[in-house]
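Line by line, the protein sequences give chains A and B.
Quick note on the working numbering: the first sequence kicks off at 440 and runs consecutively.
Quick note on the working numbering: the second sequence kicks off at 661 and runs consecutively.
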Amino acid sequence: MNRLYAARRLRNQIAMGLSLAATIFGLGWLVLILGALLWQGFSGLSVAVFTEMTPPPGAAGGLLNPIAGSLIVTVLAVLIGTPIGMLAGTYMAEYGRHDRLTMVVRFINDILLSAPSIVVGLFIYEVMVAPMGHFSGVAGAVALAVIVIPVVVRTTEDMLLLVPNPLREAATALGMPRAVVIRRVCYRAARAGMLTGVLLAVARISGETAPLLFTALNNQFWSLDLNAPMSSLPVVIFQFALSPYADWQKLAWTGALIITLTVLALSITARALAASRTEI
Amino acid sequence: MVDIALPAENAATLASSTRVRALARLRLGDIGFRVLTRTAAIAVLIILGAVILSLIQGSLPALQAFGLNFLIEERWNPVTERFGALAPIYGTLVTSVIAMLIAMPVGLLIAMFLTELCPMWLRRPIGIAIELLAGIPSIIYGIWGLFIFAPFLQQTLQPFLITVFGNIPILSSLFAGPPYGIGVLTAGLILAIMVLPFITSISRDVFDAVPPVLKEAAYGIGCTTWEVFRHVVLPYTRVGVIGGIMLGLGRALGETMAVTFVIGNAHRVSASILAPGTTISATIANEFTEAVGDLYTSSLIALGLILFVITFIVLAAARFMLLQIERRIG
Chain A
440 MNRLYAARRL RNQIAMGLSL AATIFGLGWL VLILGALLWQ GFSGLSVAVF TEMTPPPGAA
500 GGLLNPIAGS LIVTVLAVLI GTPIGMLAGT YMAEYGRHDR LTMVVRFIND ILLSAPSIVV
560 GLFIYEVMVA PMGHFSGVAG AVALAVIVIP VVVRTTEDML LLVPNPLREA ATALGMPRAV
620 VIRRVCYRAA RAGMLTGVLL AVARISGETA PLLFTALNNQ FWSLDLNAPM SSLPVVIFQF
680 ALSPYADWQK LAWTGALIIT LTVLALSITA RALAASRTEI
Chain B
661 MVDIALPAEN AATLASSTRV RALARLRLGD IGFRVLTRTA AIAVLIILGA VILSLIQGSL
721 PALQAFGLNF LIEERWNPVT ERFGALAPIY GTLVTSVIAM LIAMPVGLLI AMFLTELCPM
781 WLRRPIGIAI ELLAGIPSII YGIWGLFIFA PFLQQTLQPF LITVFGNIPI LSSLFAGPPY
841 GIGVLTAGLI LAIMVLPFIT SISRDVFDAV PPVLKEAAYG IGCTTWEVFR HVVLPYTRVG
901 VIGGIMLGLG RALGETMAVT FVIGNAHRVS ASILAPGTTI SATIANEFTE AVGDLYTSSL
961 IALGLILFVI TFIVLAAARF MLLQIERRIG
């Protein structure tokens, strides 16, 4: 009997030890990756990075045009994707909470949420770049918007579902039609959560490379023309990191650090927003 | 009396007519908003349909030229315009299998640690850290893998594997060849790190949803933590855990940038996992902008179609399973 107990206790201890080891292993990667990024990226960080254009190999330069390009494409993608996503999420949570369309859209949306982003790039290439005959910043923005939509749909729906029904009933009892209830009461109650969704979407697309490779392409020069190829930070990192030139690789690390810090700041802000929402 | 009543009557009809008009306007606004939101919801479906249609249309030339042979042909030769998808499909599957073999047990163990063992005050910070790992863009994993992880593997793990397994008959072909650093194994390991957070956070959520009564009953009859986990928590949440794993698999299959950096982009099927290979997404990312000729482009789009179909099936199965567990837990 005692032997049995000892064996069970031993097995338990082994399992618990393994789970602790697995956790340390998992978190270790985060430390290793962030450590390498800070180490390699900070040494290249300077004012020139934010004020100068991407250099030819062997010359000094910065990342001004890709940073500007990334900002423009991201803002445009959010402007296109957010309204569609919010409206769709509104339908699913408010008008069609139990109908079949909502079920189907929710299922498809969840799949789009984790669909390979490179396929989105191919799709936009087929429907925008090939007919237009050239790569363009707009095509890149639309490709990113396709990635924004599922994220916003999901959070909008979830957040509107959290709005307590008595709020809706009280507003309806005052004689407000449904559309006014949604816009004046539900949106206001779910505002923080919906903003969280937008921030998460921005975090998601600010590091996306694959959909931009053959939509926005890249541009070595300063260009704000949305109808022309546009530079973006992730694509420049991709190109520079795979190049044989040491100073390009250095810039790639710096760009990677900028993207990661942006993404981490966005997701921490989003989390803080969401937390403040649940405390109310 | 009469001259007062008349204007009063007038006023009443006037008021009711503005009231009717206001109500009509509100109703119109309501219907309009409803139609607008419904259209947006349908737009999500249209996007999916458009993705599939455009991929099919784009890959038609290649599928017409090669037929089903496209799936089993290993050659990928842009000069003679002979294209086959076998090497990328093989690479995609092998890297994903390596990733899942590592990420699955580790992810489940971390989730177990977080729900059963971890002190309360540490749960939130560790949970957040794991989710931050999920938020790091894949290109960061790529550049880290290329400059730091691959050279590290080249000097340590790969020579070790070659010397240990070099003389064992079957395993030796699995670990044959020189340690390149980059290759199928490296890509698989990076994918494992990338999907780990997804598996962990979903498993943690489903483990958390187990009714405490069940666990308390098991503890009450003297089970150890491991036994409770193995015989109560895991069976109860099986569907959800498998769903989470499939979701991670879907990510691994479609991941592009992290893999492109470290896989080596070699179109061949080789038994050794130390050799360079390629995956569907890495092939598209590397070659699409340089592809000349309709057949080349079309073959790459056909690869995209194959990838989309595979991930769609995996993700649909994952969602279906997660729906089931949601329904059970309520």
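Don't be surprised by glycine CBs; every beta carbon is placed ideally from N, CA and C.
Please read all numbers here as calculations on a predicted model, not as lab measurements.
| Proximal chain B residues relative to PHE546/A, where beta-carbon distance stays under 7 Å | Translated into the one-based positions of the first sequence, residue 546/A becomes position 107. In chain order: ARG979.
| field | Below-8 Å beta-carbon distance, MET780/B vs any chain A residue | value | In the second sequence, counting from the first residue as 1, residue 780/B sits at position 120. Not an interface residue.
| query | Could you give the C-beta distance for ALA918/B and LEU851/B, rounded to a whole number, given that I count them as a contact under 8 Å? | reply | Locating residue 918/B in the second sequence gives position 258, where the first residue counts as 1. Locating residue 851/B in the second sequence gives position 191, where the first residue counts as 1. Contact holds; Cβ gap of about 7 Å.
| How about ALA759/B and ALA912/B: do their beta carbons lie closer than 8 Å? | As a first step, residue 759/B must be located in the second sequence, where it is residue number 99. As a first step, residue 912/B must be located in the second sequence, where it is residue number 252. Cβ distance < 8 Å, so ALA759/B and ALA912/B count as in contact.
| What does a CB cutoff of less than 8 Å around LEU894/B pick up in its chain, not counting 5 residues either side in sequence? | Translated into the one-based positions of the second sequence, residue 894/B becomes position 234. The residues are VAL901.
| Neighbourhood of LEU831/B by C-beta distance below 7 Å, restricted to the same chain and skipping five residues each side | Locating residue 831/B in the second sequence gives position 171, where the first residue counts as 1. Result list for LEU831/B: PHE825, in chain order.
| message | Using a Cβ-Cβ cutoff of 7 Å, what residues of the region 585-597 of chain A are near chain B? List them in chain order. | response | VAL585, ILE588 and VAL592
| What first and last residue would you give for the alpha helix (DSSP H) that runs through ARG622/A? | Along the first sequence, read from residue 1 onward, the residue named residue 622/A stands at position 183. ARG622/A -> no alpha helix (DSSP H), and no H or E assigned at all.
| According to the Cβ coordinates, are ARG617/A and ASP690/B closer than 8 Å? | Taking the first residue of the first sequence as 1, we reach residue 617/A at position 178. Taking the first residue of the second sequence as 1, we reach residue 690/B at position 30. Their beta carbons are under 8 Å apart, which means ARG617/A touches ASP690/B by this criterion.
| task | Could you tell me if THR490/A is buried or exposed, where buried requires 16 or more neighbouring beta carbons within 10 angstroms of its beta carbon? | result | As a working note, residue 490/A is residue 51 in the first sequence. Result: exposed.
| query | THR897/B and ILE770/B: beta carbons closer than 8 Å? | reply | Sequence index remark: in the second sequence, residue 897/B carries index 237 (1-based). Sequence index remark: in the second sequence, residue 770/B carries index 110 (1-based). It is not a contact, given that the beta carbons lie outside the stated cut-off.
| task | Using DSSP bridges, identify the partner residues of TRP736/B. | result | Your numbering for residue 736/B matches position 76 in the second sequence. Bridge partners of TRP736/B: PHE743/B.
| Mind checking whether THR701/A and ILE621/A have CB atoms under 8 Å apart? | Mapped onto the first sequence, residue 701/A falls at position 262. Mapped onto the first sequence, residue 621/A falls at position 182. No, the pair does not count as a contact, with Cβ atoms beyond the cut-off.
| task | Compare the Cα-Cα distances from GLY636/A to each of LEU672/A, ARG593/A, LEU443/A and LEU663/A and report the closest residue. | result | The residue labelled residue 636/A in the question sits at position 197 within the first sequence. Ranking the options by Cα distance to GLY636/A, first place goes to ARG593/A.
| message | Distance cutoff 8 Å, beta carbons only. Does ARG630/A sit that close to anything in chain B? | response | The residue given as residue 630/A occupies position 191 in the first sequence. Not an interface residue.
| Which value, in whole angstroms, describes the spacing of the CA atoms of ALA665/B and SER677/B? | Position 5 of the second sequence holds residue 665/B. Position 17 of the second sequence holds residue 677/B. The predicted model places ALA665/B with a pLDDT of 48, which falls under 50 and marks its position as unreliable; any figure quoted below should be read in that light. One C-alpha to the other measures close to 18 Å.
| field | DSSP state of GLY497/A mapped onto helix, strand, coil | value | Taking the first residue of the first sequence as 1, we reach residue 497/A at position 58. It is coil, neither helix nor strand.
| task | Could you tell me how far apart the beta carbons of ALA926/B and GLY937/B are, in whole angstroms, since I believe they sit closer than 8 Å? | result | For the purposes of this step, residue 926/B is taken as the residue at position 266 of the second sequence. For the purposes of this step, residue 937/B is taken as the residue at position 277 of the second sequence. That pair is a contact at about 6 Å.
| task | Determine, using beta carbons only, whether LEU599/A and ALA532/A come nearer to each other than 8 Å. | result | Counting from 1 along the first sequence, the entry for residue 599/A is found at position 160. Counting from 1 along the first sequence, the entry for residue 532/A is found at position 93. Going by C-beta atoms, LEU599/A is nearer than 8 Å to ALA532/A.
| How about ILE511/A: is its C-beta nearer than 8 Å to some C-beta of chain B? | Mapped onto the first sequence, residue 511/A falls at position 72. Closer than 8 Å: no.
| request: Taking all protein chains shown into account, decide if ILE944/B is buried (16 or more other Cβ within 10 angstroms of its Cβ) or exposed. | output: Position 284 of the second sequence, counted from the first residue, corresponds to residue 944/B. By the neighbour-count rule (16 or more Cβ atoms within 10 Å), ILE944/B is buried.
| said: Quick check on LEU683/B: buried or exposed, where buried means 16 or more other Cβ atoms within 10 Å of its Cβ? | reply: Counting from 1 along the second sequence, the entry for residue 683/B is found at position 23. With fewer than 16 Cβ atoms within 10 Å of its Cβ, LEU683/B is classed as exposed.
| DSSP beta-bridge partners of GLY924/B | Taking the second sequence and counting its residues from 1, one reaches residue 924/B at position 264. Answer is GLY937/B, bridged to GLY924/B.
| request: Write down every uninterrupted run of the alpha helix (DSSP H) in the region 735-809 of chain B whose length is 4 residues or greater and which is fully enclosed by it, in chain order. | output: 746-772, 780-795 and 798-804
| If you draw a straight line from the C-alpha of SER731/B to the C-alpha of GLY964/B, how long is it? | If you number the second sequence from 1, residue 731/B lands on position 71. If you number the second sequence from 1, residue 964/B lands on position 304. According to the sequence provided, residue 731/B is Leu. The question's Ser does not apply to it. For LEU731/B and GLY964/B, the distance between alpha carbons rounds to 13 Å.
| message | Tell me which residues share the same chain as GLY480/A and place their Cβ nearer than 7 Å to its Cβ, disregarding the 5 neighbours each side in the sequence. | response | Taking the first residue of the first sequence as 1, we reach residue 480/A at position 41. Closer than 7 Å at the Cβ level, and outside the excluded window around GLY480/A, lie TRP692, THR693, ALA695 and LEU696.
| CB of LEU663/A within 8 Å of CB of PHE679/A, strictly | Along the first sequence, one-based indexing puts residue 663/A at 224. Along the first sequence, one-based indexing puts residue 679/A at 240. Taking 8 Å as the Cβ cut-off, LEU663/A and PHE679/A do not qualify as a contacting pair.
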